[in-house]
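Colleague:
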Amino acid sequence: MKQHTLNTFVTTVAALAAAPTLALAQSTAPTLLNPIEVHASVSADPVLQTQRLTPGQLQVVDGETFNQRQVTTLSDALRYVPGVMLQSSGANEGGQTLSIRGSNLTAQAFASGGVIFYQDGLPVSAADGSNHNRFLDPLSARDIVVANGASALTYGASALGGAINVVSRTARNSDPNQLYLSGGSYGLFDGFVSTGGVRDNLDAMLSVEHKHDDGFRARGQSQRSNIQGNFGWQASPGFNLRVFATHIHNDQQLAGALTRDEFNQDPRQVDPSAVLGNHMLNVSSDRLATVGDWMIDANRRLEFGLSFETQSLYHPIVTTPFFSLLIDTRQNTSGGMLRYHQQIGSHHLLLGTNISYTLNAGSQYANSAGARGDKSNDVRQSAADTTLFILDRWQLARAWTLVYGGQGIITRRDMRKTAVANGNLRQQDKTYSAFNPRIGVLYALTAQQQLFANISRVYQAPDFFMLDNDARGDNSVLSAMRGISYEIGARGHAQWADDIGSQHWSLTLYHSRLNDEVLSVENPARPGTMLTANYAHSRHSGVEALYGASLALAGGAHRIEPLISATFNDLRLTDDPTFGNNRLPSAPRYFAHGEVLYRHMPSGLYAGPTFDWVGSRYADMTNTYRVDHGYTLIGLRMGVQAQRWTLFAEASNLGDRRYVASTAIRTQASDSDRLLTPGAPRSVFVGLRWNY
121 MKQHTLNTFV
131 TTVAALAAAP
141 TLALAQSTAP
151 TLLNPIEVHA
161 SVSADPVLQT
171 QRLTPGQLQV
181 VDGETFNQRQ
191 VTTLSDALRY
201 VPGVMLQSSG
211 ANEGGQTLSI
221 RGSNLTAQAF
231 ASGGVIFYQD
241 GLPVSAADGS
251 NHNRFLDPLS
261 ARDIVVANGA
271 SALTYGASAL
281 GGAINVVSRT
291 ARNSDPNQLY
301 LSGGSYGLFD
311 GFVSTGGVRD
321 NLDAMLSVEH
331 KHDDGFRARG
341 QSQRSNIQGN
351 FGWQASPGFN
361 LRVFATHIHN
371 DQQLAGALTR
381 DEFNQDPRQV
391 DPSAVLGNHM
401 LNVSSDRLAT
411 VGDWMIDANR
421 RLEFGLSFET
431 QSLYHPIVTT
441 PFFSLLIDTR
451 QNTSGGMLRY
461 HQQIGSHHLL
471 LGTNISYTLN
481 AGSQYANSAG
491 ARGDKSNDVR
501 QSAADTTLFI
511 LDRWQLARAW
521 TLVYGGQGII
531 TRRDMRKTAV
541 ANGNLRQQDK
551 TYSAFNPRIG
561 VLYALTAQQQ
571 LFANISRVYQ
581 APDFFMLDND
591 ARGDNSVLSA
601 MRGISYEIGA
611 RGHAQWADDI
621 GSQHWSLTLY
631 HSRLNDEVLS
641 VENPARPGTM
651 LTANYAHSRH
661 SGVEALYGAS
671 LALAGGAHRI
681 EPLISATFND
691 LRLTDDPTFG
701 NNRLPSAPRY
711 FAHGEVLYRH
721 MPSGLYAGPT
731 FDWVGSRYAD
741 MTNTYRVDHG
751 YTLIGLRMGV
761 QAQRWTLFAE
771 ASNLGDRRYV
781 ASTAIRTQAS
791 DSDRLLTPGA
801 PRSVFVGLRW
811 NY
């Protein structure tokens, strides 16, 4: 760990003010960033140890690798994580859709539920489990941990898709003095600068970022500014406290979806109603959090944290003649976590709790060209969520580890909507509770290769979006989704003899049987709004695979580095009285992302092709509207890495292929329905990273 001169920076960052630039010691030895690493490794690092002790799919993405390529959204950052379907129609998080193992298929960007987000171990998802308007900056991440499905019990979650934990950069776990600039097609510019340092038992870091994108569509402009600071205090050799503060402001125009004919004629055009209604998504959020880590002794450790976030939303989204809606709300979320670790002989115990409360209040108005019209409803939505969880990782023998435990959850929803015109109150109020056990096993083939398997219960209560859009439209409440998930797999890392190179891999097969899955379709009478319902039986199955290698040539001066992440899905209803065993819409049968890089080690030069391969999907529950027959995108990226700087360039969609990034869902769709959101055409980006 480098120690940096701090001077007066600690005091100023604590106040979230500007700080002087701190010089770093220079070294004459050339250093090169490693290729993208999302694999198991024997390490004392707590993040990688968590991976080794998890009998399921869990990947760790090294944030340092983001400096080698174009990374402006979480979709870019998680490109090579198997099982993650995170698609974006542009360079802004507000337009992305997230799904892991079939979660959030039909709500898509509206709520982005089914995956619980954490930051430095603290829950940042709202207490109802949604991630609506959630912005996580990959350039401020030291690591990103993706725990697919039941692997999320490590953090106390039982959601279908699992959990994503972003580990923040600090002055102690990274070089804090960094400048990142990138720009490219359609007016994209991303500027990021951070500064900080360490003095004795204190450290601090401040980062500022501004991103602007004109977009490739007529109403595609977006811009986001954020400032983040953290201040750390090592009170004693085993006791650390850190305070985080974040402000994010995001303004984004919405271009709307297209019909099939419009998409085929010109995917750059926009939905006329989006222009008429001046549709936009404007979000401002502030977050304050503190996290502590106390190494009590060699066998006991305590983690704890508290957070508070406030978020304001201004969202003109629907225009007459169908329906008119402008949402103007403010959401506050408070949360806390506690995790206690203890080693007792061959048992590694973990006991924890997560507590959160969210209040979302405001009003709904008629949309008058992006301005508030007549008020239609007053809205008050609250959720209180408490989870308790326990895990025992019991090493039965040298190669065998049994992992068993469970999560108890009590979560309440209280939804109140009052019509201004007549005072009618719609109230949905329910408390959900469950105990969700899990048992798994790990078998170590070698110190760096594992087999694993687990059986777990899945449980997910409906979020605000689901309840508010219940197709019944009265005080009824949806049921929680529940089910059983089975998973087997292998992962490993190996060095080849004679320094030929190395390889890493993971392969996971999962199968989930679900009851009362909540799915949504767009309301044809009010496009832009949804209708949700429970579906009695469904099943989600799939294969998630990752393979990467670094092959040395000519004595190691040259290297070839292939990397591919592939996912196959079989997501469908089971014996549904209306839709039978139809496939669930919006999810492709398969998708794969890959690259093959050449590296010239003495000069730091790297270059190679990239590809995206996506299968076919449907846009309706009846499986009569096939979005496309799949598509393939080819790209190219290259760069030069030196000791303290990296230059890179990337071209995507070189063939200028027309493709659909995401789709709205109908019960039965037709070609005249506006469902298709086009993906970006041929684009070129260049960037610079400088550790000053």
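Take the sequence shown: its letter number 568 is residue 688 in the working numbering, and every next letter is one higher.
From the three backbone atoms N, C-alpha and C, an ideal C-beta is built for every residue, glycine too.
Taking just the CA atoms, how far does L683 sit from G755?
Modeller: Approximately 14 Å, taken between the alpha carbons.
Colleague: Could you name the residues of the same chain whose beta carbon sits closer than 7 Å to that of Q146, not counting the 5 residues immediately before and after it, in chain order?
Modeller: In this prediction, Q146 has a pLDDT of 33, which is less than 50 and means its spatial position is unreliable; what the coordinates show is noted afterwards. Closer than 7 Å at the Cβ level, and outside the excluded window around Q146, lies no residue.
Colleague: Comparing alpha-carbon positions, which option in T649, F428, N402 lies nearest L479?
Modeller: It is F428.
Colleague: Drop a sphere of 10 angstroms on the beta-carbon of R794, count the other beta-carbons inside from all chains shown, and report buried for 16 or more, exposed for fewer.
Modeller: By the 10 Å Cβ count, R794 comes out buried.
Colleague: Can you give me the start and stop residues for the alpha helix (DSSP H) that D793 sits inside?
Modeller: Per DSSP, D793 belongs to no alpha helix (DSSP H) and is neither H nor E.
Colleague: Should A503 be labelled buried (16 or more other beta-carbon atoms within 10 Å of its own) or exposed?
Modeller: Label assigned to A503: buried.
Colleague: By how many angstroms is the C-alpha of R172 removed from the C-alpha of Y667?
Modeller: Near 18 Å, if we compare the C-alpha coordinates of R172 and Y667.
Colleague: Note down, in chain order, each residue of its chain lying with its Cβ closer than 6 Å to the Cβ of H435, except the 5 sequence neighbours on either side.
Modeller: Once the five neighbours on either side are set aside, the close Cβ partners of H435 are L401, I447.
Colleague: Who are the near neighbours of R536 in its chain, counting only those whose CB is closer than 7 Å to its CB and skipping five residues on each side?
Modeller: Only R500, L545, Q547 meet the Cβ criterion.
Colleague: Alpha carbon to alpha carbon, how far is L753 from D534?
Modeller: Each residue's alpha carbon lies about 45 Å from the other.
Colleague: Taking 6 Å as the cut-off, does the CB of P705 come closer than this to any heavy atom belonging to the ligand MG?
Modeller: The ligand content of the structure shown is nil, which means the ligand MG is not present either.
Colleague: With DSSP as the reference, label A139 as helix, strand or coil.
Modeller: Per-residue confidence for A139 stands at a pLDDT of 37, beneath the threshold of 50, marking its modelled position as unreliable; the derived number appears in the next sentence. If DSSP states are grouped into helix, strand and coil, A139 belongs with coil.
Colleague: Would you identify the three-state DSSP class for D381, choosing helix, strand or coil?
Modeller: Correct three-state label for D381: helix.
Colleague: Cα-Cα, which of Q188, L587, A355 is closest to L259?
Modeller: The shortest Cα separation from L259 among Q188, L587, A355 belongs to Q188.
Colleague: Measuring CB to CB, does I815 end up less than 7 Å from T226?
Modeller: For the chain, the structure presents residues 121 to 812; residue 815 sits outside this window and is missing.
Colleague: Within 10 Å of its beta-carbon, does S790 have 16 or more other beta-carbons around it, so buried, or fewer, so exposed?
Modeller: Exposed, because fewer than 16 other Cβ atoms sit within 10 Å of the Cβ of S790.
Colleague: For D391, count neighbouring Cβ atoms within 10 angstroms of its own Cβ and tell me buried if that reaches 16, exposed if not.
Modeller: Burial call: buried.
Colleague: What is the DSSP secondary structure of N811, counted as helix, strand or coil?
Modeller: Correct three-state label for N811: strand.
Colleague: First and last residue of the alpha helix (DSSP H) that includes S195?
Modeller: Looking at the DSSP string, the run of the alpha helix (DSSP H) that includes S195 is 194 to 197.
Colleague: From A686 to H631, what does the alpha carbon distance come to, in whole angstroms?
Modeller: So the alpha carbons of these two residues sit roughly 17 Å apart.
Colleague: Whole angstroms are fine: how far does the CA of A377 sit from the CA of T766?
Modeller: Distance between the alpha carbons of T766 and A377: 38 Å.
Colleague: Once DSSP output is grouped into helix, strand and coil, what is the label at Q389?
Modeller: Q389: coil per DSSP, three-state reduction.
Colleague: With C-beta atoms as the reference, is R764 less than 7 Å away from Y300?
Modeller: Not in contact: R764 and Y300 (Cβ atoms no closer than 7 Å).
Colleague: What is the DSSP secondary structure of N702, reduced to helix, strand or coil?
Modeller: DSSP places N702 in coil when its eight states are reduced to three.
Colleague: Contact between the segment 644 to 653 and the segment 604 to 623 is defined here as three or more beta-carbon pairs at a separation below 8 Å; is this criterion met?
Modeller: In short, these stretches do not touch, since the Cβ pair count stays below three.
Colleague: Which class does Y200 belong to by DSSP, given the choice of helix, strand or coil?
Modeller: Three-state DSSP puts Y200 in coil, outside helix and strand.
Colleague: DSSP beta-bridge partners for I530?
Modeller: DSSP, once it has assigned bridges, lists T506, S553 as partnering I530.
Colleague: Just reading off the beta strand (DSSP E) that D417 is part of, what are its end residues?
Modeller: Segment 400 to 417, the beta strand (DSSP E) holding D417.
Colleague: Would you report the Cα separation of G799 and R719, rounded to the nearest angstrom?
Modeller: Using only the alpha carbons, I get a separation of about 30 Å.
Colleague: So, under 8 Å CB-CB, A409 and F364 are touching, yes? Tell me the CB distance rounded to an integer number of Å.
Modeller: Right, their Cβ atoms sit about 5 Å apart.
Colleague: Just the Cα atoms here: how many angstroms apart are D196 and T440?
Modeller: Each residue's Cα considered, the two are about 36 Å apart.
Colleague: Starting from the N-terminal side, write out each stretch of the beta strand (DSSP E) that is 3 residues or longer and does not extend beyond the segment 411 to 470.
Modeller: Whole beta strand (DSSP E) segments, 3+ residues: 420 to 438, 445 to 464.
Colleague: Would you call F555 buried or exposed, if buried means 16 or more other Cβ atoms sit within 10 Å of its Cβ?
Modeller: It counts as exposed.
Colleague: Return helix, strand or coil for V806, following the three-state DSSP convention.
Modeller: Looking at V806 - three-state DSSP - the assignment turns out to be strand.
Colleague: Taking the alpha-carbon of D516 as reference, which of D505, H467, R289 has the nearest alpha-carbon?
Modeller: The sequence given here places Leu at residue 516; Asp does not occur at that position. Comparing Cα positions, the closest option is H467.
Colleague: Can you tell me the Cβ-Cβ gap for A600 and Q568, rounded? I've got them flagged as a contact below 8 Å.
Modeller: In fact, because the Cβ distance is near 40 Å, the residues do not count as touching under 8 Å.
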